[in-house]
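Its first residue numbered 1, the sequence shown is counted upward by one per residue in the UniProt record's numbering.
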Amino acid sequence: MGEIFGFTSKFSSYSMTKLNELLEDDDKLNEIVKEMDEMQEMQQTKEMTLASNRSLAEQNLSFQPSLEQQKMQLTKCYCCLQDVYEAYQLRKCTLGLQWLQNLS
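Next up, the structure:
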């Protein structure tokens, strides 16, 4: 509400002719809008957010080498697990066949 009051109070002293001139002059109107406190605050917030995002992105990139190394290590562990599981299945099958042969 205060923002609207600040905006309207700025133009309350303008004559109708002056207001119509402003409506016709996009550059002047844009300049007035840019000078408004609310717009400057928004621009400052935008710049701070961009800087924060940039910082977070750089921090995330610094984790990449470690993540790549851990990913390779996990892949190796998974391959070993797969080999052990296949050996287990083969041994289980072999023992099952031997058990059946012993029954006969």
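No residue lacks a Cβ here, since even glycine has one placed at the ideal position from N, Cα and C.
Can you check the segment 36 to 94 for any alpha helix (DSSP H) of at least 4 residues that lies completely inside it and give the ranges in chain order? 37 to 62
Only counting the same chain, and skipping five residues up and downstream in sequence, which positions put a Cβ closer than 7 angstroms to that of aspartate 25? none
Within this structure, are the beta carbons of leucine 22 and leucine 29 separated by less than 8 angstroms? yes
When the Cα atoms are used, what is the spatial distance from glutamine 64 to tyrosine 78? 21 angstroms
Tell whether a beta-carbon distance below 8 angstroms holds between methionine 39 and valine 33. Contact flag set, yes.
Three-state class that DSSP yields for aspartate 25 in the structure shown: coil
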